[in-house]
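*Asks:* If you read the sequences in order, they're chains A and B. Going by our numbering, the letters in the first sequence line up with residues 1 to 202, in that order. Going by our numbering, the letters in the second sequence line up with residues 1 to 202, in that order.
Number of protein chains: 2
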Amino acid sequence: MASKASAPAVDKRRQILDAAVRVFARQGFYATRVSDIADEAGVAYGLVYHYFKSKDEVLNELFSERWSLLLAAIEEADREGSDPRAKLEAVAGFIVDSYRHDPELMKVIIVEVTRAANSFGRTHLAEIRRAYDSIAKIVADGQEAGVFRRDVDANFASMAFYGAVEQLLSGWIFAVIPAADSDFDQAKTLLVTTICDGLEAR
Amino acid sequence: MASKASAPAVDKRRQILDAAVRVFARQGFYATRVSDIADEAGVAYGLVYHYFKSKDEVLNELFSERWSLLLAAIEEADREGSDPRAKLEAVAGFIVDSYRHDPELMKVIIVEVTRAANSFGRTHLAEIRRAYDSIAKIVADGQEAGVFRRDVDANFASMAFYGAVEQLLSGWIFAVIPAADSDFDQAKTLLVTTICDGLEAR
DNA sequence: AAACCGATTGACTGGTCAGTCAACCAGGAG
DNA sequence: CTCCTGGTTGACTGACCAGTCAATCGGTTT
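Now the structure itself:
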């Protein structure tokens with residue numbers, strides 16, 4: 001019987017996925033050769049095809065793995081948050097922390113999938129949409145409760161909020177804005193302040 | 001002497017650029033063959049290389065052409081606007097109108113350049129940044145004038161604002177939010193309302 | 001009418017790469 | 001010790017395509 005001890009010393013499949021993240025982040029999906037992934041993972045070329053149907057499937061797997069966590073986090077924020085604002089802060093916090101924890105993976109997901117309207121973005125549109133919808137629901141509930149104004153459509157607000165978050169990550173990815181630990185912490189509250197309270201002095 | 005009448009009946013270079021927009025928008029840059037562009041433009045394959053050094057240069061040209069208009073528009077908004085809020089509304093308005101007027105071109109610019117951190121986004125980073133900076137300046141001036149709160153960093157606010165705008169276009173591109181004429185008009189004011197006044201009821 | 005010249009054509013080439021596959025290896029079972 | 005199985009290897013191939021280039025065309029100049 002195959003005991004745990006006799007399992008392969010390392011999970012090659014995982015090894016390939018992790019290597020793919022690094023290479024995709026560095027070169028982009030299209031500029032990445034399957035051989036780059038294999039080299040980075042320290043396995044033979046053919047092994048990539050033992051675990052994955054195609055190069056596309058590697059990226060699909062990376063995306064779905066991570067995005068399902070995001071969806072779960074948004075739904076948990078909605079369930080557990082005390083008020084709409086706290087819920088939005090939890091969502092922003094999760095995304096920012098995801099980036100802080102694994103910037104390469106988040107870069108790949110955003111650049112190659114979420115913002116790629118012509119390739120993987122289309123493929124995963126349904127999953128991506130689910131995130132927008134969940135955020136819109138938070139806003140709509142806030143309106144229902146009288147906390148949020150009703151003259152801003154909830155779907156519209158959801159896009160604006162998510163767009164602001166993603167653009168921040170984009171700024172970090174492009175290195176156009178500073179990305180120190182303090183910046184990440186500030187970002188969470190600043191994001192919610194901006195969207196909920198607005199820029200105008202009062 | 002070459003009179004205007006004897007000039008080529010149609011500007012083939014322009015014809016190629018316009019065709020490229022349509023093809024890039026439909027298939028994405030990477031999935032587009034140079035022959036697709038030539039076919040769409042109704043010219044021979046080789047002519048594309050008569051007018052452009054490479055396939056990349058076609059996209060570069062499309063981007064730079066349009067982006068310089070955007071930069072000019074932002075700076076004009078800054079110069080002519082009566083107050084910070086009006087300036088931001090002018091910026092949002094210009095971008096939204098750009099999309100309304102030529103959605104395919106804006107799709108290409110956003111999807112293939114602005115959001116492509118690994119390829120053309122890097123190439124044009126300086127130009128893209130200039131837009132962020134100009135918007136940040138509008139915000140900073142607003143803070144200076146006491147109209148905008150000072151506890152939200154101007155660069156941060158600029159990213160949030162631009163991100164919200166771009167995500168809206170993205171929503172239209174992906175067809176996740178409705179894109180009727182009335183939606184475009186509403187978007188302009190809603191965008192500014194959200195960012196300046198915030199979502200909270202008051 | 002002959003030379004000229006830039007615009008236009010499209011067949012061709014050289015290089016690249018995703019995906020295949022036959023062989024190899026390790027270790028468990030009989 | 002031999003067979004079997006599933007993980008692992010990497011050379012190979014078929015397709016694809018960006019970019020080249022020699023030939024052609026049409027209008028101008030002399």
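C-beta atoms are modelled at their ideal positions from N, C-alpha and C, and glycine is treated no differently.
Return the residue from the list B:E89, B:A19 and B:G42 that minimises the CA-CA distance to B:L105.
*Replies:* It is B:A19 whose Cα lies nearest to the Cα of B:L105.
*Asks:* Give, in chain order, every residue of the stretch 78 to 93 of chain A whose Cβ lies closer than 9 Å to some Cβ of chain B.
*Replies:* Flagged, chain order: P84, R85 and L88.
*Asks:* Using a beta-carbon distance cut-off of less than 9 Å, what residues from the stretch 12 to 30 of chain B approach chain A?
*Replies:* So the list reads F24, A25, R26, Q27, G28, F29 and Y30, given in the order they occur along the chain.
*Asks:* Assuming contact is defined by CB atoms lying nearer than 8 Å, are A:F120 and A:E127 in contact in what I supplied?
*Replies:* Taking 8 Å as the Cβ cut-off, A:F120 and A:E127 do not qualify as a contacting pair.
*Asks:* Between the stretch 118 to 131 of chain A and chain B, which residues of the former have a C-beta closer than 9 Å to a C-beta of the latter?
*Replies:* Within the stretch 118 to 131 of chain A, the qualifying residues are N118, S119, G121, R122, L125, I128 and R129.
*Asks:* With DSSP as the reference, identify every bridge partner of B:E200, one or two as the case may be.
*Replies:* Its beta-bridge partners are A:F148.
*Asks:* Quick check: what's the CA-CA separation for A:A31 versus B:Y99?
*Replies:* Taking the straight line joining both Cα atoms gives about 29 Å.
*Asks:* Is A:K188 near A:E89, with beta carbons less than 8 Å apart?
*Replies:* Result yes, Cβ atoms of A:K188 and A:E89 sit closer than 8 Å.
*Asks:* Using a C-beta cutoff of 8 Å, does A:D157 count as contacting chain B?
*Replies:* What sits at residue 157 of chain A in the sequence shown is Ala, not Asp. Yes, its Cβ sits closer than 8 Å to a Cβ of chain B.
*Asks:* Who are the near neighbours of B:S35 in its chain, counting only those whose CB is closer than 6 Å to its CB and skipping five residues on each side?
*Replies:* If we look at B:S35 and ignore the five residues flanking it on each side, its Cβ neighbours are Y45.
*Asks:* Would B:I135 and B:I95 be called neighbours here (beta carbons separated by less than 8 Å)?
*Replies:* The answer is no: Cβ separation not under 8 Å.
*Asks:* If you drop the 5 nearest sequence neighbours on each side, which residues of the same chain put their C-beta closer than 6 Å to that of B:A175?
*Replies:* Nothing meets the Cβ criterion.
*Asks:* Please confirm whether A:L70 and A:A131 have their CB atoms less than 8 Å apart.
*Replies:* In this structure, A:A131 lies closer than 8 Å to A:L70 by Cβ.
*Asks:* Just to confirm the assignment: which complete alpha helix (DSSP H) runs, minimum length 4, are found wholly within the stretch 39 to 81 of chain B?
*Replies:* Qualifying alpha helix (DSSP H) stretches, in chain order: 45 to 51 and 55 to 80.
*Asks:* From what residue to what residue does the alpha helix (DSSP H) around A:H101 run?
*Replies:* Counting along the chain, the alpha helix (DSSP H) containing A:H101 begins and ends at P84 to H101.
*Asks:* At a Cβ threshold of 8 Å, is A:S170 touching chain B?
*Replies:* Judged by the 8 Å Cβ criterion, A:S170 is in contact with chain B.
*Asks:* How should B:D151 be labelled, buried or exposed, when 16 other C-beta atoms within 10 angstroms of its C-beta is the threshold for buried?
*Replies:* Label assigned to B:D151: exposed.
*Asks:* Do you know how far the Cα of A:S82 is from the Cα of A:E166?
*Replies:* Cα to Cα, the separation comes out at about 24 Å.
*Asks:* Taking B:T189 as part of the alpha helix (DSSP H), name the residues at either end of that continuous run.
*Replies:* Where B:T189 is concerned, the enclosing alpha helix (DSSP H) stretches over D181 to V192.
*Asks:* For A:H124, is the classification buried or exposed, using 16 other Cβ atoms within 10 angstroms of its Cβ as the cut-off for buried?
*Replies:* It counts as buried.
*Asks:* Could you give the DSSP three-state label for B:R115: helix, strand or coil?
*Replies:* In this structure, B:R115 counts as coil in the three-state DSSP scheme.
*Asks:* Buried or exposed, going by whether 16 or more other CB atoms sit within 10 Å of the CB of A:G163?
*Replies:* Per the 10 Å Cβ criterion, buried.
*Asks:* So, is B:V10 buried or exposed, given that buried needs 16 or more other C-beta atoms within 10 angstroms?
*Replies:* So B:V10 counts as exposed.
*Asks:* Whose C-alpha, out of B:A77, B:H50 and B:E61, is nearest the C-alpha of B:I138?
*Replies:* Closest by alpha carbon: B:A77.
*Asks:* Name, please, each residue of chain B whose Cβ falls closer than 9 Å to the Cβ of A:D36.
*Replies:* Within chain B, no residue comes near A:D36; the closest Cβ sits about 13 Å away, beyond 9 Å.
*Asks:* Compare the Cα-Cα distances from B:F148 to each of A:I109, A:R26, A:D197 and A:A154 and report the closest residue.
*Replies:* Of the candidates A:I109, A:R26, A:D197 and A:A154, the one whose C-alpha sits nearest the C-alpha of B:F148 is A:D197.
*Asks:* Applying a beta-carbon distance threshold of less than 7 Å, which residues of chain A neighbour B:D197?
*Replies:* Near B:D197 (Cβ distances below 7 Å), the residues of chain A are G198 and E200.
*Asks:* With a CB to CB cut of under 7 Å and the five nearest residues on each side skipped, what residues in its chain are close to B:F29?
*Replies:* So the qualifying residues of the chain are L59 and E112.
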